[in-house]
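Engineer: Before anything else, here's the structure in question.
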Amino acid sequence: MHLLFYVFSLLFHLSRTYVAAQGACACSSVTIPVHVNVLVPKDPTDEFAGLKSNASELRRVDATYDIYGIFCQPDTTVSSQNKDVVQLLVHGFSYTGEYWSPSVEEFRNYSYAAFSCGHGFSSLAVDVLGVGLSSRPVNASDVQYPTSSAALSQVARHLKTTSLLPGVPAFNKVIGIGHSAGSGLLDFGTIVEGPQSPFDGLILTASLGTNINTTTLPAFMSARDVDPLRWGSLDPAYVTVSNRSIFYPTDITTYSLRMVLLDEFTMDVATFMGACHPSPEQLVVIVQYTGPVAKVVGSEDQLFCTGTDRCGDVVALTAAERTLWPAARSFDLVVEEGSGHDMNLDFFAEGPFNTFVRFLEQFSVL
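Written out as structure tokens, the structure is:
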């Protein structure tokens, strides 16, 4: 059984080197080289990710990495007023860019990439640094929030200055959409870059500035212990989560159990330093990002909402989260009723998808 699991996983990841067209969406794999030159904590467990560290506590990471992604654009049958806008889709912890478009036919209705193509928006769903088919540094301590968020900003700048593929001109606007830890990476980038951020809008999903529900926090396990055949050669600081149920609603009738099985087969790794990051609230940092910001969280998110009363009062939650983004041009917060932490992967996915597109349309004209 373990060997079958490994073979399935290997074939799935190899298949990601090409994604066929889906309906109104034509997709291609791309690799973008990025140069990162940042300071990271010498102690990777630094809870502030180096933002409050002295110079003697920091070291420099100066390296070039390859960031892999799937670029999808509306085909010629879809009329689009948004050809100069692209989404940069950033997955969460222990996922890859496939979160935005599960490549198994049964789950095609869970493809946000295809959904947004149908509404005239292009997207690039990346594997973040250290994950999937992107570069994976041998030393896991190189993969921290400063490195990973800087790599994403470089990808965004690449999208604005360089043709991604023949016949695809550079884009005028890049909207970042993050999921969970991916939202954290975009969040961290705005703390560092402020008004100089290359992102023209942010949609942050499955992430709140308020403290995470630590009673439901999944246990991180060294990836090489979880699957020695696949990850046995990795630095032990590359970790994963084998219990996937925490990412879904507690009501098992609200999602497909086959989706959870696919989730288990295709889970990936990250570093502990890239799974948890300091929030603006924790740092008492005023984020000077000036673009529009939207947050979207599921009412049944076991990490942020269930077991608390904070997501029941949307007005109060919006006001609390808004204080962390005082310079943002606009700020909105939506609680998607019935959705879990992985809001793209349950039966309510179309609700969040429509919300994302609605914010995209707003941000595109600002």
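Heads up: the sequence shown is residues -21 to -1, 1 to 345, going by mature numbering (1 follows the signal peptide of the UniProt record, and there is no 0). For each residue, glycine too, the CB sits at the ideal point set by N, CA and C. For clarity, every value in this text was computed on a predicted model and none was experimentally measured.
(1) Beta-carbon within less than 6 Å of residue 310's beta-carbon, same chain only, minus the 5 sequence neighbours each way: which residues are those?
(2) Just checking residue 55 against the ligand HEM - is the residue's beta carbon closer than 7 Å to any of the ligand's heavy atoms?
(3) What residue ranges within the segment 107 to 160 form continuous alpha helix (DSSP H) runs of no fewer than 4 residues, ordered along the chain?
(4) Closer than 8 Å is the cut-off here; do at least three beta carbon pairs connect the segment 289 to 296 with the segment 330 to 337?
(5) Between the segment 179 to 190 and the segment 154 to 168, are three or more C-beta pairs nearer than 8 Å?
(6) From residue 23 to residue 120, what does the alpha carbon distance come to, in whole angstroms?
(7) Might you give, ordered along the chain, the residues of its own chain that have their beta carbon closer than 8 Å to the beta carbon of residue 173, omitting 5 neighbours on each side?
(8) Going straight from the alpha carbon of residue 114 to that of residue 308, what length do you get?
(9) Please tell me whether residue 50 and residue 144 are closer than 8 Å, where the distance is taken between their beta carbons.
(10) On the premise that residue 125 lies in contact with residue 17, defined as a C-beta separation below 8 Å, what is that separation, rounded to the nearest angstrom?
(11) Should the segment 97 to 104 be called in touch with the segment 56 to 76, which here means at least 3 C-beta pairs below 8 Å?
(12) Cβ of residue 18 less than 8 Å from any chain C Cβ?
(13) Which whole-angstrom value is the C-beta distance of residue 105 and residue 76, which I expect to be below 8 Å?
(14) May I ask you to report which of helix, strand or coil DSSP gives residue 341?
(15) So, at 6 Å on beta carbons, what are the nonlocal neighbours of residue 176 in its own chain, with the 5 sequence-adjacent residues on each side left out?
(16) Are the beta-carbon atoms belonging to residue 110 and residue 13 less than 8 Å from one another?
(17) Decide if residue 203 is buried, meaning its Cβ has at least 16 other Cβ atoms within 10 Å, or exposed.
(18) Between the segment 276 to 285 and the segment 316 to 329, can you find at least three pairs of beta-carbon atoms closer than 8 Å?
(19) Would a C-beta distance cut-off of 8 Å place residue 224 and residue 200 closer than the cut-off?
(20) To the nearest whole angstrom, what separates the beta carbons of residue 42 and residue 167, a pair I think is in contact under 8 Å?
(21) On a Cα-Cα basis, can you pick out the residue from 136, 242 and 179 that is closest to residue 155?
(22) On the DSSP letters alone, give me the boundaries of the beta strand (DSSP E) that residue 301 sits inside.
(23) Tell me residue 289's beta-bridge partners as DSSP assigns them.
(24) Check the DSSP bridge columns for residue 217 and list the partner residues they point to.
(25) Name the residue from 274, 7 and 250 whose alpha carbon lies nearest to the alpha carbon of residue 146.
(26) With DSSP collapsed to three states, give me the class of residue 104.
(27) In terms of alpha-carbon separation, which member of 86, 74, 61 and 73 lies closest to residue 234?
(28) Assign residue 231 to buried or exposed, taking buried as 16 or more other Cβ atoms, counted over all protein chains shown, within 10 Å of its Cβ.
(29) Can you look up residue 317 in the DSSP assignment and give me helix, strand or coil?
(30) Taking the continuous alpha helix (DSSP H) assigned at residue 244, which residues delimit it?
(31) Using only the alpha-carbon positions, how far apart do residue 344 and residue 153 sit?
Structural biologist: A quick look at the data gives this:
(1) For residue 310, where only same-chain residues beyond five positions count, the Cβ hits under 6 Å are 272, 301 and 304.
(2) Annotation note on the ligand HEM: not contained in the displayed structure, which lists no ligands.
(3) Listed in chain order, they are 124 to 140.
(4) Using a C-beta cut-off of 8 Å, the segment 289 to 296 makes no contact with the segment 330 to 337, since fewer than three inter-stretch Cβ pairs fall below that distance.
(5) The segment 179 to 190 and the segment 154 to 168 touch, with no fewer than 3 CB-CB distances between them shorter than 8 Å.
(6) In a straight line, the C-alpha of residue 23 is about 6 Å away from that of residue 120.
(7) For residue 173, same chain residues with a beta-carbon under 8 Å away, outside a window of 5 residues either side, are 266, 267, 268, 269 and 306 in chain order.
(8) Taking the straight line from one Cα to the other gives about 35 Å.
(9) Against a cut-off of 8 Å, the Cβ pair of residue 144 and residue 50 comes out as a contact.
(10) Yes, residue 17 and residue 125 are in contact; Cβ-Cβ is about 4 Å, under 8 Å.
(11) Contact between the segment 97 to 104 and the segment 56 to 76 is present, because at least three Cβ pairs lie under 8 Å.
(12) The structure shown has no chain C; it contains just one protein chain.
(13) A Cβ-Cβ separation of about 5 Å places residue 105 in contact with residue 76 under the 8 Å criterion.
(14) Reduced to three states, the DSSP call for residue 341 is helix.
(15) Correct list, in chain order: 169 and 268.
(16) Contact: no.
(17) Residue burial annotation: residue 203 is buried, with at least 16 other C-beta atoms found within 10 angstroms of its C-beta.
(18) The segment 316 to 329 vs the segment 276 to 285: in contact.
(19) Result no, Cβ atoms of residue 224 and residue 200 do not sit closer than 8 Å.
(20) Between residue 42 and residue 167, the beta carbon gap of about 18 Å keeps them out of contact (Cβ cut-off 8 Å).
(21) The residue among 136, 242 and 179 with its C-alpha nearest the C-alpha of residue 155 is 179.
(22) Annotation: residue 301 is outside any beta strand (DSSP E); the continuous alpha helix (DSSP H) that includes it extends over 293 to 301.
(23) None; residue 289 has no bridge partner.
(24) Answer is 250, bridged to residue 217.
(25) With respect to the C-alpha of residue 146, the residue from 274, 7 and 250 having the closest C-alpha is 7.
(26) Reduced to three states, the DSSP call for residue 104 is strand.
(27) Looking at the Cα atoms, 86 is the closest of the given residues.
(28) Classification for residue 231: exposed.
(29) Look at residue 317 here: in three-state DSSP terms it is coil, with no helix or strand label.
(30) Following the DSSP letters along the chain, one finds residue 244 inside the alpha helix (DSSP H) bounded by residues 236 to 245.
(31) Their Cα atoms are separated by approximately 12 Å.
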